[in-house]
Amino acid sequence: MPFHELPPELLWAILSHLAADDDYLSLCACALTCRALFSPAQAGIFRTISLHSEDTILLAKLESMPHIRTLAKHLDLWEINNRWTRRSEVLHRTLDLLSPYIVSLDIFHRRRRQGKPRFDFPSLSRLKCIEEISLKEDDVKGQPGVIYGNNGLPTFLNQFPKLRAINFDECWVRNQIIDSKSDVADPVFLLERLDVQCCQDTLVLDWLIPALSSLQSLHFSCWIFDPSTVSTIVRQYMITAGESLQHLEVRSLNHASDADLRSLMTVVRTHSTNLRSLRLIITESASEHSPIQLMVQALLIIGAHMHLQRLTLVFFQHDAPVDGSPWDELQDLLLGTGFPALRSVEFRLLLDSLESISESAFVAAVPRLAQKGMISSLNADIVHRAHENHGHKPDICSLK
5 MPFHELPPEL LWAILSHLAA DDDYLSLCAC ALTCRALFSP AQAGIFRTIS LHSEDTILLA
65 KLESMPHIRT LAKHLDLWEI NNRWTRRSEV LHRTLDLLSP YIVSLDIFHR RRRQGKPRFD
125 FPSLSRLKCI EEISLKEDDV KGQPGVIYGN NGLPTFLNQF PKLRAINFDE CWVRNQIIDS
185 KSDVADPVFL LERLDVQCCQ DTLVLDWLIP ALSSLQSLHF SCWIFDPSTV STIVRQYMIT
245 AGESLQHLEV RSLNHASDAD LRSLMTVVRT HSTNLRSLRL IITESASEHS PIQLMVQALL
305 IIGAHMHLQR LTLVFFQHDA PVDGSPWDEL QDLLLGTGFP ALRSVEFRLL LDSLESISES
365 AFVAAVPRLA QKGMISSLNA DIVHRAHENH GHKPDICSLK
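Residues in the sequence shown are numbered consecutively from 5, following the numbering used here.
Okay, here's the thing in structure tokens:
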């Protein structure tokens, strides 16, 4: 089939890889290549709209070329402030034009001073079709503190009744629950996906519980300032989701205490009975146990799961031997009768540098899994270490 006769959906699937990498220049080059690529490339170019300040040029394009509005799906707001969102007619007009089409919102809010309202952006309520939100919030520079009973985030999120997914990326403002009942309304939405990478606002985490009865995918990190509080809330998340939960990712498992690990994995066994995929991540070397020992400990607590199909284990290995008891125990556990639906086991190794690794050593450590064809892949990732200013978690970046 000639290239220009390929279906538009297939051309967009090809060019979407450039859009996913924000390769704006390559998309522009594709748009100028031939008529067949113009429309799918243009869809990638205008898929994400970034608004960081007054942008009269963008507004003029949206007003003069109405078809561009229909291509916009994702809105990126970076370090916005209350005054701009309230007073900018350019922003208000832009939001009105985009509101029927934007379904995803990334927002980064930095508190300029103590006492400043949090996420007080009523103009964003124009975006009634929002289904997914990614949040970042930085505290006042040099003046981090603790606030109590602040309803800023719940009030903001309740502006979006069609919300289905939330990602708390790096939310550093520490907001604690107070004894008195909050005056904010319960969530007006039901979530299908929730990702808690880092969130110090325990009030909003607790407030979300009623919205999770249909939750299908939960990602959370044990790396947090107050792990006991978060683990308590996460257990309630899984209990509330029950059989609807199908995908679970637990990051920084090495930061969980023995008691928290046992409690979390017990809930997986007793409540997440319809789970299809489980991803366990150890982001640093564990002090008391080798990484694989900690993984085995977690799986032993689960004991058995009738529907789990895919297991991914991500961990540091370093100089620990890739043989012996824990690896044999892992095979005994996974090939026994406790995980009858398991079809795939993936290992991902975290490295501090671009050192070479021997894939054969890990395959040889689990020969019975390999013989069954259950080792789907073995990948190496490089880890960029924590930033000193906040003690951020390491980033995991796949090596190509």
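The beta-carbon is built from N, C-alpha and C at its ideal position, and this holds for glycine as well. Since this is a predicted model, take the numbers as computed values, not measurements.
- Per the DSSP secondary-structure output, residue 112 pairs in a beta bridge with 82, 140.
- Cβ contact annotation for residue 104 (same chain, cutoff 7 angstroms, sequence separation greater than five): 133, in chain order.
- With a beta-carbon spacing of about 5 angstroms, residue 348 and residue 314 fall inside the 8 angstroms limit used to define contacts.
- The shortest CA-to-CA distance from residue 149 to any of 119, 128, 221 is the one to 119.
- Counting the other Cβ atoms within 10 Å of the Cβ of residue 288 gives 16 or more, which makes it buried.
- Counting along the chain, the unbroken beta strand (DSSP E) around residue 175 starts and ends at 169-180.
- A Cβ-Cβ separation of about 14 angstroms leaves residue 64 out of contact with residue 102 under the 8 angstroms criterion.
- Within its own chain, the residues whose Cβ lies closer than 7 angstroms to the Cβ of residue 159, once the five positions on either side in sequence are excluded, are 188, listed in chain order.
- Annotation for residue 208: no beta strand (DSSP E) segment contains it, though the alpha helix (DSSP H) segment containing it runs 206-211.
- DSSP places residue 197 within a strand segment (E or B) once states are collapsed to three.
- Judged by DSSP secondary structure, residue 96 falls within the alpha helix (DSSP H) whose first and last residues are 93-102.
- By the beta-carbon neighbour count (other beta carbons within 10 angstroms, threshold 16), residue 375 is exposed.
- Beyond the five residues adjoining it in sequence on each side, residue 331 comes within less than 8 angstroms, by CB distance, of 296, 369, 370 in the same chain, given in chain order.
- Residue nearest to residue 237 within the set 224, 247, 248 is 224 (criterion: CA-CA distance).
- Residue 39 counts as exposed, since fewer than 16 other beta carbons sit within 10 angstroms of its beta carbon.
- Selection 66, 116, 72 evaluated against residue 98 yields 66 as nearest (Cα-Cα).
- Residue 253 is bridged by DSSP to 223, 283.
- Between residue 117 and residue 177, the CB-CB gap reaches or exceeds 8 angstroms.
- Pairing residue 277 with residue 247 gives a Cβ-Cβ distance under 8 angstroms.
- A check of alpha carbon separations from residue 56 across 29, 94, 341, 49 identifies 94 as the nearest.
- Its chain contains 252, 312, 315 as the residues whose beta carbon lies nearer than 7 angstroms to that of residue 282, once the 5 sequence neighbours on both sides are disregarded; these appear in chain order.
- The distance from the Cβ of residue 197 to that of residue 221 is about 4 angstroms, consistent with a contact at the 8 angstroms cut-off.
- In terms of CA proximity to residue 110, 79 leads the group 128, 79, 131, 172.
- Taking the CA atoms as reference points, residue 372 sits about 15 angstroms from residue 351.
- Residue 34 counts as buried, since at least 16 other C-beta atoms from the protein chains shown sit within 10 angstroms of its C-beta.
- If you look at residue 150, you'll find it in the beta strand (DSSP E) that goes 150-152.
- 226 is the residue among 212, 202, 226, 280 whose C-alpha sits nearest the C-alpha of residue 264.
- Short of 7 angstroms from the beta carbon of residue 157, and not among the five residues preceding or following it, lie these beta carbons of its own chain, in chain order: 122, 123, 205, 208.
- Around the Cβ of residue 44, a 10 Å sphere holds 16 or more other Cβ atoms; the residue is buried.
- The three-state secondary structure of residue 53, taken from DSSP, is strand.
- When DSSP states are grouped into helix, strand and coil, residue 117 belongs to the coil group.
- Note that the C-beta distance between residue 343 and residue 308 is below 8 angstroms.
- The Cβ atoms of residue 215 and residue 194 sit closer than 8 angstroms to each other.
- If you check the CB distance, residue 213 and residue 241 come in under 8 angstroms.
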